[in-house]
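K.L.:
One structure, pasted below without further comment.
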Amino acid sequence: MSGRITSAFGAKSTAREVVAGHDLSGRVAIVTGAATGIGVETARALALAGAEVIIAARKPELGEEVANAINEEAGSKRVSFGMLDLSSLEAIRHFVNVWGDRRIDILINNAAVMASPLMRTADGFEMQFGTNHLGHFLLSVLLAPNLIAGAKASGKPSRLVSLSSIGHRRSGIHFDDPNYTTRPYEKWEAYGQAKTANSLFAVGFDKRFKDQGVHANAVMPGGILTPLQRHLPIEEQRALGWLDENDQPREGFKTTEQGAATSVWAAVGSELEGVGGLYLEDCNQALPWSKENPWTGVMPHALDPEAADRLWDLSVDIVGAGA
C-alpha cells in the first residue's frame with residue numbers, strides 16, 4: 003500500500019502518549035458521548051494538552067461528573083458539559099443554536115449505539131442508523147461553519163473525526179430501506195450499516211469541506227469493553243469470543259486509554275495535516291481488509307466515493323440540512 007500514512011504509535015499506545023508534546027491552548031473541541039467509555043479518555047487527553055473541551059452527551063449527571071474530574075486533574079476549568087441527544091433532530095438543532103457562532107477546531111463524533119434491539123429515534127429512524135449516522139450528520143453539517151471559522155482563526159485546518167468500527171464489514175448501506183421499515187431487522191447488520199455510514203460520512207464531509215479548511219477522517223478505535231456493550235448479555239459476549247473462561251477481555255482488547263488513542267491521533271497528529279477521507283486504526287492508516295486478518299483493515303465499500311455521495315444525498319433528504 004504505497005503512500006500509506008503511519009505514525010510512531012500503535013495498537014497499545016494511549017491517548018496521553020499520542021497527545022504528548024502538543025499544545026492545544028486556545029483550541030476548542032467537542033466530543034460526543036464523552037460521558038462514558040473511550041470518550042472520557044479522549045476528552046481527558048485533549049483537555050490535559052490545553053484544549054477547551056465540551057462533553058456533548060445525553061446524561062448530565064455523568065457528563066458533569068467527568069468534566070469536574072478532568073478539571074480537577076488539569077488544575078483549571080477546561081471541560082464543560084453540553085446536553086446533546088443524538089436520537090432527536092430537534093435536540094441536535096437546539097444544541098447547535100445554543101452553541102451559536104463560536105469557533106470549533108476539533109469535532110469528534112464518538113457517541114454510538116451498538117447491537118440494540120429494534121428501537122426507533124424520536125423521528126422514527128432505526129436507532130443505530132439514526133443515532134450513529136443521521137444524528138452526527140445533522141450535528142456536523144450544522145457546525146461546519148464553526149469548524150471553518152476555527153480554521154480561519156488558527157490558520158490550520160480544523161478536524162472532524164468520525165468513529166467507525168470493524169463492524170462495517172457486516173453490511174454496506176441498504177439505500178432502499180436503511181431504517182428497516184420493511185426488511186427484517188438484524189441487530190449486527192444494522193450496526194454494520196451504521197458503521198459503514200460513519201466511514202462514508204468522513205469521505206463525503208472531507209470532499210465538501212476540505213477546500214474551506216476542514217478535513218475529516220474515520221477511526222476504528224479497536225475492541226474495548228465499555229458501556230457500548232449495554233445491549234449485549236454476558237452470554238452473548240462469551241459466545242462472540244470477547245471474554246475468556248474467567249469473563250475477562252480476550253487478548254487483543256484494548257483499555258479505554260488505548261481505545262481513545264486513534265481518535266486523538268486523528269485530531270492532532272501532524273502526519274494527518276491537510277489529509278482527509280481516510281479510515282484509521284491503531285494510529286495508522288488502515289490496510290485493506292483480508293480474510294487472513296478479519297478483525298482489522300477496511301473494506302472497499304466503506305471508502306467508496308460513489309456510495310459516500312449517495313449516502314450524503316439520502317441524509318440531506320432525511321434530515322433537511324447539508325445540501
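All residue numbers for the sequence shown refer to our numbering, where the first residue is 3 and numbers rise by one. Note that the Cβ used here is the ideal one computed from N, Cα and C, for glycine as well. What you are looking at is a predicted structure, and each value in this text was computed from that prediction instead of being measured.
Roughly how many whole angstroms lie between the Cα atoms of Ala59 and Asp319?
P.N.:
Ala59 and Asp319: Cα-Cα distance of roughly 25 Å.
K.L.:
Could you tell me whether the segment 36-44 touches the segment 110-118, where touching means 3 or more Cβ pairs closer than 8 Å?
P.N.:
Touching, per the Cβ criterion.
K.L.:
Note the first and the last residue of the continuous alpha helix (DSSP H) segment covering Ser173.
P.N.:
Per DSSP, Ser173 belongs to no alpha helix (DSSP H) and is neither H nor E.
K.L.:
When the Cα of Leu165 is compared with those of Gly279, Lys293, Ile94, which residue comes out closest?
P.N.:
Closest by alpha carbon: Gly279.
K.L.:
Kindly indicate the opening and closing residues of the beta strand (DSSP E) around Arg161.
P.N.:
First-last of the beta strand (DSSP E) with Arg161: 160-165.
K.L.:
Assign Gly271 to buried or exposed, taking buried as 16 or more other Cβ atoms, counted over all protein chains shown, within 10 Å of its Cβ.
P.N.:
Counting Cβ neighbours within 10 Å, Gly271 comes out buried, since at least 16 surround it.
K.L.:
With DSSP collapsed to three states, give me the class of Lys14.
P.N.:
Lys14: coil per DSSP, three-state reduction.
K.L.:
Can you look up Arg29 in the DSSP assignment and give me helix, strand or coil?
P.N.:
Arg29: coil per DSSP, three-state reduction.
K.L.:
Only counting the same chain, and skipping five residues up and downstream in sequence, which positions put a Cβ closer than 7 Å to that of Val81?
P.N.:
These residues qualify, in order along the chain: Ala45, Ala49, Val55, Ile57, Ala69, Ile72, Asn73.
K.L.:
Could you check where the alpha helix (DSSP H) with Val115 kicks off and where it finishes?
P.N.:
No alpha helix (DSSP H) contains Val115, which DSSP labels as neither H nor E.
K.L.:
Give me the Cα-Cα distance between Pro62 and Gly12, rounded to the nearest whole angstrom.
P.N.:
Computed Cα separation, rounded: 33 Å.
K.L.:
Would you identify the three-state DSSP class for Thr181, choosing helix, strand or coil?
P.N.:
Note that residue 181 is Asn in the sequence shown, not Thr. Asn181 falls in the coil class under three-state DSSP.
K.L.:
List the residues that DSSP assigns as beta-bridge partners of His135.
P.N.:
Looking at the DSSP assignment, His135 forms no beta bridge with any residue, so it has no partner.
K.L.:
Determine the burial state of Lys154: buried for a count of at least 16 other Cβ atoms within 10 Å of its Cβ, exposed for fewer.
P.N.:
Classification of Lys154: exposed, given that the 10 Å Cβ count is below 16.
K.L.:
Just to confirm, is the Cβ distance from Leu91 to Ser317 under 9 Å?
P.N.:
Against a cut-off of 9 Å, the Cβ pair of Ser317 and Leu91 comes out as no contact.
K.L.:
Looking at the structure shown, is Thr123 part of a helix, part of a strand, or coil, going by DSSP?
P.N.:
Of the three classes helix, strand and coil, the one that applies to Thr123 here is coil, per DSSP.
K.L.:
Cutting at 7 Å between CB atoms, please list the residues of its own chain near Ser118, excluding the five before and the five after it.
P.N.:
Answer for Ser118: Met129, Gln130, Lys189, His233, listed in chain order.
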